[in-house]
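The sequence shown: position 503 = 502 (numbering that gives the first Met the number 0), numbered continuously.
For every residue, glycine included, the Cβ atom is placed at its ideal position computed from N, Cα and C.
None of the values given here were measured: they were computed from a predicted structure.
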Amino acid sequence: MPLISPDSIESVRQGADLVELVRGRVELVRRGGRWWGRCPFHGPERTPSFSLLPPDFRRYYCHGCGVSGDAITWMREQEGAATFAEAIESLAERFSIPVSFEEETPQDQARREAAERRRRLLDRAAAFYAEYLWRADEAAPAREYLLGRGFEEELVRRLRVGYAPGGGAVLSGRALKEGFRREELIDAGLARRRGGQVGDFFTSRIMFPIGDSQGRVQGFGGRTLDPNERAKYVNSPEGPQFTKRKLLFGLAEARVAATKSRYFVVVEGYTDVMGLLAAGIDSAVACMGTSLTTDQIRLLRRWAPEVKLCFDADTAGEQAAWRSVEAGADVNLEWSAVQLPSGQDPGEMAADEAGRAALASAIHTSQPLVTSLIESRVARAGSSPREREAALTVIAELLRRFPDSVEKDDWVRLTASSLQLSPGMEERLRQASRSDAPVVPMVAPQASSPEEVRELRFLAMAIAAPAPARPYLEGLPPAAFQNEGHRRAFALIRDGQRDLDAWPDDLAQVGLALRIELSGSAPTAAEVREAAYRVELPMLERRAAEMRRTGDEKGRLEALDLARRVRAALRADA
């Protein structure tokens, strides 16, 4: 990319009118040789502490938060310029200041000029669609739809919502007459080839212009009102100008409000943003997909430290929130969840005054998102042990993505309390959710046979009730356990080593399975006896079979007699 010349940078720095720039965001008052206003960089304040410094008013300073800068800084912090060069170019365009580039090749110049023409073409298209919505007869159903949903005309015009004609090449024909080329229309995502001609990409759709952080149109989303159309929504094709994962509908307006409120509200669709705006929530944006991407999250963090997710109150909405949190785990951001009535979205709630009031109240009373996700996931698990195990595994994976903190420890305690985990299992969750912990399953694989299930049950009972288990620990041989890990665990328990955290690392999965078994209530002496007999019985049957193969009839009969006595004892206990 060619560099803007130092002379051009200085010309822009000196020629940009900072007073005019700031007045677009802050109400300024002249007092004592300075311009004063309430600071847009920190929260609401009663007494203005933000001023433009004399004598030339080319720098600003806040006596409250200490922020300072010039017109270029202002463009980056308040007007959405992503880079220094973008800030310079935006200021130069606004104040008609010529800009020259160093070492710009003909190819660089051609690319820059093509990008400028593409921006003009997209802006012209947005203006055409917006005008067509209000003057064309064929757009009447679209007008009725928007107004019928409670969206006032002023709001629709403010967002430049429009309508694409159904004629097939109305926009393309007008653009060609204005001097744009077919290739430029296709490159901008406004047209497609049809034989040797070009036709409009969008036809008979309500059009939502999707801009960057400075409001420059990058593409469109189109909604059909025809129930027979296969795709309800169609977006501009991905290309050099339109990359959906890096864009947010409504960002240019929302970032100004978010700077003051200190949060964004993120919804799924275009009309959801309109619903929130109708309810007086001006910091609303739409992710235009099922969840936020990392690029979008980093973009939001530039203007606000908090994101409030306002997704549908169903399983799909919960999963979208879950994916959004995972995508932004490395971004220093506070997350909240907005609880809406089941089956309603912001666009629907904004249809009347009562709904708008309820929507605004829901935004202002949001709760921490991770807390909400944990509670929701646990609620879906119910009382089923298998579902509770699955919930535990998912929650541990989520928590692992966040840096270790007091707040994370609160989430661990919430999970342990909600799932009724034993102290040992809670500590296991705490260790597994550490950001530097290796990825180890929270829940051990299911035992592969009924014998292994019985073995684990007895071992867990021997830990939980050592006194009634002592006779069986001393009477059972290690050979009673078919699983090698269970045999080693039996030996440790028999030797008095009941602290699972002190066991060898290669017994971690056995220890995990035992923690799950220990999450229930303490066993009675009768339950311990039954568990021991159910481990001993298969061993005696195996011994009798082995004696038969070796020809030891006496040994076989002794084993069968012992097995008969154990079965009798089990029947008596039953």
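| Asked | Found |
| --- | --- |
| For a test of the three-state rule: what should DSSP assign to W334, helix, strand or coil? | strand |
| Relative to the C-alpha of S89, which candidate in N234, P422, S282, S212 has its C-alpha closest? | S212 |
| So which of E552, R75, V216, R564 has the shortest CA-CA distance to L536? | R564 |
| Just curious, the alpha helix (DSSP H) that A105 is in, first and last residue? | A small correction: the amino acid at residue 105 is Pro; Ala does not occupy that position in the sequence shown. P105 -> alpha helix (DSSP H) spans 105 to 134. |
| Provide the residue span of the alpha helix (DSSP H) that contains L420, from first to last. | Taken as a continuous stretch (DSSP letters only), L420 belongs to no alpha helix (DSSP H), as it is neither H nor E. |
| Are three or more beta carbon pairs between the stretch 202 to 209 and the stretch 234 to 254 nearer than 8 angstroms? | yes |
| Using alpha carbons as the reference points, say which of Y532, A431, A278 lies closest to A571. | Y532 |
| Which residue wins for smallest C-alpha separation from L299, given the options A312, C309, G288, V284? | V284 |
| With DSSP run on the structure shown, which of helix, strand or coil describes K176? | helix |
| So if DSSP puts C61 in a beta bridge, which residue, or which two residues, is it bridged to? | F49 |
| What does the alpha-carbon distance come out to for the pair R547 and E473? | 27 angstroms |
| Would you say the beta carbon of Q295 is closer than 7 angstroms to some non-hydrogen atom of the ligand MG? | In terms of ligand content, the structure shown is empty, and the ligand MG therefore cannot be addressed. |
| Where do the N-terminal and C-terminal ends of the alpha helix (DSSP H) with R493 fall, by residue? | 483 to 493 |
| Report yes if the CB atom of L189 is closer than 8 angstroms to the CB atom of A124, and no otherwise. | yes |
| Within a Cβ cutoff of 7 angstroms, which residues of the same chain sit near Y128, ignoring the five residues on either side of it in sequence? | G161, Y162, A163, M206 |
| Would you check if there are 3 or more beta carbon pairs closer than 8 angstroms linking the stretch 389 to 401 to the stretch 364 to 379? | yes |
| Relative to the C-alpha of F49, which residue among S67, G32, W321, G14 is closest? | S67 |
| Which of the three DSSP states, helix, strand or coil, is assigned to K307? | strand |
| Give the DSSP bridge partners of R192, in chain order. | V197 |
| Report the three-state DSSP secondary structure of L358 (helix, strand or coil). | helix |
| Helix, strand or coil: which one does DSSP assign to R222? | strand |
| By DSSP's criteria, P367 is part of a beta bridge. Which residues make up the other side? | S335 |
| Mind listing, in chain order, the continuous alpha helix (DSSP H) runs of no fewer than 4 residues lying wholly within the stretch 262 to 317? | 269 to 277, 293 to 300 |
| Relative to the C-alpha of A114, which candidate in L308, L184, R469 has its C-alpha closest? | L184 |
| Determine the extent of the beta strand (DSSP E) in which W73 is found, giving its start and end residues. | It is not in any beta strand (DSSP E) - W73 instead sits in the alpha helix (DSSP H) that spans 70 to 77. |
| Please go through the same chain and pick out, in chain order, the residues whose beta-carbon is closer than 8 angstroms to the beta-carbon of V324, but skip the five residues on each side of it. | W334, L368, V369, L372, L397, R400 |
| Would you give the residue range spanned by the beta strand (DSSP E) that A163 belongs to? | 161 to 163 |
| For R486 and E545, what's the separation of their Cα atoms in angstroms? | 20 angstroms |
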